[in-house]
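Chains D and S, in that order, give the protein sequences.
Remember, this note's numbering sits 549 above the position in the first sequence when you count from 1.
Remember, this note's numbering sits 23 above the position in the second sequence when you count from 1.
Note that CB positions come from ideal geometry on N, CA and C, so glycine has one too.
Being a predicted model, the structure only gives us computed values, none of them experimental.
Report on one structure; see the data block that follows.
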Amino acid sequence: KNQVEQSPQSLIILEGKNCTLQCNYTVSPFSNLRWYKQDTGRGPVSLTIMTFSENTKSNGRYTATLDADTKQSSLHITASQLSDSASYICVVSAGGSQGNLIFGKGTKLSVKP
Amino acid sequence: EAGVAQSPRYKIIEKRQSVAFWCNPISGHATLYWYQQILGQGPKLLIQFQNNGVVDDSQLPKDRFSAERLKGVDSTLKIQPAKLEDSAVYLCASTRDLTLEKLFFGSGTQLSVL
């Protein structure tokens, strides 16, 4: 069964600190892995998209890593800001023309002053 | 470029009533999705359109949910009759090509069924 598991479920950090969110997946066939940021009351916004051959991709203070052998990904946030408070969703595409996206439940990050 | 537009933003109805949601995707995006997101969960696909044709509606509760995209642009999602468990955010998303393209989401319609 195709699944995407994220940890932790929630996380509270102080402003300026770094944090790392985890994503483990069992999806086959694998096409690509995406990280989305979802602010409260808004739709998800794409942060990164990585294919099988990519093992790291950055978007500003966000850096995603992918280990296709262990089927794990992480999202590292550097020097957190209050605006980073959001849910972060890991999404794996099972490929094919239809895309077949498998969504994780997300990690809820709260950045406190 | 303009984003994915959805309306209404919020809707409160009583169980057994009907409700409809509207979505206008980004211009040129052939693929349109409706997702249901229950609080604390990731989005769950309800239906996927390619232009005005249905690609995947395997998770759409067809006894009460219906969706259409008549001219291959705007789309409507309807629930009739609504149940308490339909309370969720309904997200519309669009993309040109899902292979490696971003999926753009609207802000969603938050539905509360009382």
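- Between the alpha carbons of S/Gln103 and S/Glu91 lies a distance of about 14 angstroms.
- As the crow flies, the alpha-carbon of S/Gln29 is around 21 angstroms from that of S/Arg87.
- With 16 or more other CB atoms across the displayed protein chains lying within 10 angstroms of its CB, D/Leu596 is buried.
- Assignment of beta strand (DSSP E) within the segment 581-637 of chain D, counting only whole runs of 3 or more residues, yields 581-587, 594-600, 605-608, 611-616, 621-626 in chain order.
- For S/Asp79, the pairing in a beta bridge is given by DSSP as S/Gln71.
- When secondary structure is reduced to three states using DSSP, S/Glu108 falls in the helix class.
- For the C-beta of D/Phe652, the chain S residues within less than 7 angstroms are, from N- to C-terminus, Gly65, Pro66.
- Within the segment 73-84 of chain S, contact with chain D at the beta-carbon level (separation under 9 angstroms) is assigned to Gln73, Val78, Asp79.
- In the DSSP secondary-structure assignment, S/Leu100 is bridged to S/Phe44, S/Ala90.
- Taking S/Asp80 as the centre and dropping the five residues before and after it, the same chain places the C-beta of Ile70 closer than 6 angstroms to its C-beta, in chain order.
- Comparing alpha-carbon positions, the option among S/Ile35, S/Val27, S/Ser98 lying closest to S/Leu107 turns out to be S/Ile35.
- Contact annotation: S/Cys46 and S/Val27 have beta-carbon atoms nearer than 8 angstroms.
- For S/Leu62, there is no enclosing beta strand (DSSP E), since its DSSP letter is neither H nor E.
- Rounded to the nearest angstrom, the gap between the Cα atoms of S/Gly95 and D/Gln571 is 38 angstroms.
- For S/Leu134, the enclosing beta strand (DSSP E) covers residues 132-136.
- The alpha-carbon separation between D/Ala643 and S/Ser110 amounts to approximately 28 angstroms.
- The residue from S/Asp120, S/Cys115, S/Leu134, S/Arg119 with its alpha-carbon nearest to that of S/Phe128 is S/Cys115.
- Using a 10 angstroms sphere on the CB of S/Phe72, the tally of other CB atoms reaches 16 or more, which defines it as buried.
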